[in-house]
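Number of protein chains: 2
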Amino acid sequence: MNIDEAVLAVDQMMLDVVHSEVTVLEEASRHIISAGGKRVRPRVLFNAYLAAGGKDLKAAIPVATAIELVHTATLVHDDINDHGVVRRGRVTINEKWGRTFALLTGDFLFTKVYELMAPYGDLNITFSEATTALVEGETLQAAAAKDNTLTREIYQKIVAKKTASLFRGAAMLGAQLAGADRRTIDTLGEYGFYLGLIFQIIDDLLDLTGDPRLMGKAAGVDIPQGKGVAAAIARKSANGKRDEALGVVTVEDDPFLPLKERLVAGGAVEEGRQMAQALAVQAHATLDRLPQSEAVDALRTLITQVMERDH
Amino acid sequence: MNIDEAVLAVDQMMLDVVHSEVTVLEEASRHIISAGGKRVRPRVLFNAYLAAGGKDLKAAIPVATAIELVHTATLVHDDINDHGVVRRGRVTINEKWGRTFALLTGDFLFTKVYELMAPYGDLNITFSEATTALVEGETLQAAAAKDNTLTREIYQKIVAKKTASLFRGAAMLGAQLAGADRRTIDTLGEYGFYLGLIFQIIDDLLDLTGDPRLMGKAAGVDIPQGKGVAAAIARKSANGKRDEALGVVTVEDDPFLPLKERLVAGGAVEEGRQMAQALAVQAHATLDRLPQSEAVDALRTLITQVMERDH
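Right, here's the structure in full:
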C-alpha cells in the first residue's frame with residue numbers, strides 16, 4: 019500500500035464510519051466527505067509514519083481518518099459561523115440542510131472519532147492537544163475578527179493554534195504509530211508545525227489571489243471578515259506604511275479601488291509569501307536532523323507542494 | 019469516598035479540565051459547569067460501578083467527568099439551536115457570548131473528552147455508541163419539530179436515542195470499570211436505558227407543570243417547538259380524541275385557553291406519568307436480575323428520585 023492508496027482508504031473509512039440510521043446525518047456527512055479535499059493532514063501523518071520507520075501504512079489509517087474527521091467537523095461548524103455558502107465546490111451543509119442540522123452533523127463527526135481512536139491509548143493525548151488547540155485557534159480568530167484587533171502577532175498565534183497544531187499532531191501521531199523514540203516524534207512534530215503554518219498562510223493568500231473556480235469556494239471573503247494573513251498586513255497594504263499599528267481593511271474603504279488590487283499593490287501577497295518562504299527554510303532544517311531516506315525526501319516534496327499549490 | 023463526594027470530584031475535574039489560555043472558552047465552560055445541574059449521569063455511573071462490585075469510586079471519576087462533559091457540550095449546542103436564553107438559572111452561553119463562541123465552546127468540550135478517555139481503551143466504544151446516539155436523537159428531534167411529525171412512536175425513539183442511550187452508556191461504563199462480566203454490564207445497561215427514558219419523560223412533563231423558579235429555565239417552551247412528551251400527545255389533549263394521527267399544538271391554536279391548561283385538562287400529564295410508571299416497573303425488574311446489595315438498593319432509590327423530582 020502506497021500513500022495514495024492509504025489516502026483512498028481514509029476516504030473510504032470516513033464514508034463507512036458516518037453510517038447512521040438517521041439519514042440526514044449520513045447524507046450531510048457524506049456530502050462534505052465525498053466533495054474531496056486535499057487530505058493533506060492524512061498525507062502528513064502517513065509520510066511521518068514512514069519517515070519514522072513505520073512499515074505498514076494500513077496500521078495508520080484509522081488515526082489518519084480520525085484527524086481528517088475532526089478537521090471536517092470543524093469545517094462544517096466554521097461554515098455556520100461564517101455563513102459559508104460554498105465549500106470544496108459544493109453548497110455547504112448549513113446552506114443545504116440549515117444551521118441546526120449542520121451543527122448536529124459536526125457534533126456527530128466529533129462523537130464518531132471516539133470510536134476510531136478507542137484502540138490508541140496515549141495517542142489520544144496527542145490527539146486531544148491538537149484538536150483542542152484547533153478549537154482555541156478558531157476562537158482567537160473569531161475574537162480578533164469581532165474586536166477588529168487582528169495584528170501580525172495575533173495572526174501568527176491564530177495560525178499556530180488553528181492549523182499548525184493539527185499538522186504537528188498528525189506528524190507526531192504518525193511517528194508514534196511507527197514506534198519512534200521521543201526525539202524523532204518531537205522533530206517530526208516540529209516539521210508538521212512549520213508545514214501547517216506555511217499551509218495556512220498560502221491558504222490565506224489564495225483567498226486573495228486564487229481562482230475561485232479552482233478553489234471550489236468564493237475568494238476574497240476573509241479580509242472583510244477580519245481574517246487571514248492579508249487582513250493582518252492590510253493596514254500596510256492600504257497605506258504603504260510599515261510598522262504602523264495594524265488593523266483591518268474593510269470593503270467600505272475606498273470602494274473605487276477593489277480590495278484585492280489594493281492589497282496586491284500594497285505588497286501583502288509578497289510579504290505573505292516571504293513569511294512562508296522563511297518557514298519553509300525552517301521546515302527543511304528540521305528534516306536535516308533526521309536520518310535521510312526516501313520518506314524524508316517525500317516530506318521535503320510536501321513542503322514544495324504546499325508552497326506552490328494554486329488551490 | 020462516597021457518591022456525593024465522587025460527584026463533587028467530577029465537578030472539580032470538569033472545572034480543571036476546561037482550563038485554557040483562550041479566556042472566553044474557559045469562562046464560558048465554567049459558566050455552565052458551575053451553574054450546577056443534577057449530575058444524574060455521573061450518579062448512574064457511580065451507582066452502577068458499586069452495584070457491579072467496584073470498590074474505589076475514585077477510579078470512575080474521569081469517565082464520569084467525560085460523560086457529563088459531552089452532555090454539557092450538547093446542552094450548549096442545544097441552546098444555540100433552540101435560541102435558549104436561560105439554563106440552570108443562568109443566562110445561556112449563546113445569549114451572553116453570542117452564537118459563534120457558544121458553538122466553539124461546545125466543540126472545545128468535545129475535544130477535551132478525547133484526553134479524559136485516553137486511558138480507557140475499549141470503554142471508548144461504549145462511550146462513542148452512547149454519544150453518537152445522543153446526537154442522532156437530537157437530530158431526529160430537530161427533524162420531527164421541523165416537519166411537524168412528532169408522534170408517540172417517534173417521540174419514544176427520540177427519547178431512547180437522545181437521553182436513554184447516554185444513561186445506558188453511563189451504567190455500562192460503571193460496570194465495565196468495575197470489571198463486571200458481560201451479563202452484568204448488559205443488565206445494568208438495560209436499567210440505565212429505562213431510567214433514561216423515565217428521566218426524559220419526567221423532564222418533558224416538568225416543562226409543562228414545573229415551577230420555572232425551581233427549574234432554572236423557562237417552562238412551556240417545548241410544546242410550541244414541537245418537542246417533548248406533551249407535544250407528542252398534544253393532539254389528544256387538544257381535542258380529547260385518542261388514536262388520531264398525532265400532531266403538535268401550536269401557541270396559535272385557541273389563544274384564549276392557555277396551552278398548559280389545555281394540555282393538563284386533556285390528560286397529557288397523566289398519560290406521561292403512566293408511561294413513566296410502566297417504565298419504572300421495568301427498571302425495577304431489571305435490577306431483580308442482579309445480586310441484591312446496598313448499591314442495588316441505591317439504584318432503586320434513583321428510580322424513585324427521578325420519578326418524584328420537581329425540577
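Line order of the protein sequences matches chains A and B.
Using our numbering, you'd call the opening residue of the first sequence number 19 and step up by one each time.
Using our numbering, you'd call the opening residue of the second sequence number 19 and step up by one each time.
We put the CB at the ideal spot given by N, CA and C, even for glycine.
Keep in mind it's a predicted model, so treat the numbers as computed, not measured.
Not flagged as an interface residue toward chain A: residue 212(B), since no C-beta distance is shorter than 8 Å.
Residue nearest to residue 317(B) within the set 213(B), 97(B), 115(B) and 224(B) is 213(B) (criterion: CA-CA distance). Under DSSP, residue 104(B) forms a beta bridge with 109(B). Here the stretch 21-38 of chain B makes contact with the stretch 129-146 of chain B; the two share three or more CB pairs at distances below 8 Å. Scanning 60(A), 88(A), 87(A) and 85(A) for the CA closest to the CA of residue 75(A) turns up 60(A). With 16 or more other Cβ atoms inside 10 Å of its own Cβ, residue 125(A) counts as buried. Contiguous alpha helix (DSSP H) elements confined to the stretch 195-230 of chain B occur at 200-227, taking only those with 4 or more residues.
Legend: CB atoms of the stretch 142-170 of chain B lying less than 7 Å from CB atoms of chain A belong to residues 142, 143, 145, 146, 149, 150, 153, 154, 156, 157, 158, 160 and 161. Between residue 83(B) and the set 100(B), 95(B) and 57(B), the nearest pair of CA atoms involves 57(B). Within the same chain, Cβ atoms closer than 7 Å to the Cβ of residue 205(A) are found at 304, 307 and 308, the five residues on either side in sequence being excluded.
Sequence-distant partners of residue 326(B) (beyond 5 residues in either direction) whose C-beta falls short of 8 Å from its own C-beta are missing from its chain. Taking a Cβ-Cβ cut-off of 7 Å, residue 19(A) has no neighbours in chain B, whose nearest Cβ is about 26 Å from it. Taking the C-beta atoms as reference points, residue 147(B) is found no nearer than 8 Å to residue 180(B). Taking a Cβ-Cβ cut-off of 9 Å, the neighbours of residue 99(B) in chain A comprise 117, 118, 121 and 122, given in sequence order.
Residue range 79-99 is occupied by the alpha helix (DSSP H) that includes residue 97(B).
Within its own chain, the residues whose Cβ lies closer than 8 Å to the Cβ of residue 96(B), once the five positions on either side in sequence are excluded, are 102 and 156, listed in chain order. The continuous alpha helix (DSSP H) containing residue 297(A) extends over residues 286-306. At a C-beta separation below 8 Å, residue 139(A) has these neighbours in chain B: 136, 137 and 139. What residue 133(A) touches in chain B, judged by beta-carbon distance under 9 Å, is 142, 143, 145, 146, 147 and 150, going in chain order. Annotation: Cβ neighbours of residue 126(B) in chain A (cutoff 8 Å, chain order): 150, 153, 154 and 157. Neighbours of residue 43(B) across chain A, judged by C-beta separation under 8 Å: 153, 154 and 157. In this structure, DSSP gives residue 47(B) a helical state, which the three-state scheme calls helix.
Where residue 38(A) is concerned, there is no enclosing alpha helix (DSSP H), because DSSP gives it neither an H nor an E. Judged by beta-carbon spacing, residue 149(B) lies beyond the 8 Å limit of residue 191(B), meaning their Cβ atoms are not closer than that value. Contact annotation, residue 91(B) with residue 195(B): C-beta distance approximately 22 Å; criterion of less than 8 Å not satisfied. For the stretch 64-96 of chain A, the beta-carbon criterion of a distance under 8 Å to any beta-carbon of chain B is satisfied by 88, 91, 92 and 95. For residue 40(A), the C-beta contacts it makes with chain B under 7 Å involve 154, 157 and 158, in order along the chain. One finds nothing in chain B with a Cβ atom closer than 9 Å to the Cβ of residue 110(A); even the nearest lies about 15 Å away. By the C-beta density criterion, residue 289(A) is buried, having at least 16 other C-beta atoms within 10 angstroms. With a 10 Å radius around the Cβ and a threshold of 16 neighbouring Cβ atoms, residue 32(A) comes out buried.
Using beta-carbon distances, residue 129(A) counts as an interface residue toward chain B, with a partner under 8 Å. The stretch 143-199 of chain A is shown to contain whole alpha helix (DSSP H) runs of 4 or more residues at 170-177 and 183-195, in chain order.
With at least 16 other beta carbons inside 10 angstroms of its own, residue 202(B) counts as buried. When C-alpha distances from residue 313(B) are compared across 65(B), 52(B) and 200(B), the shortest belongs to 65(B).
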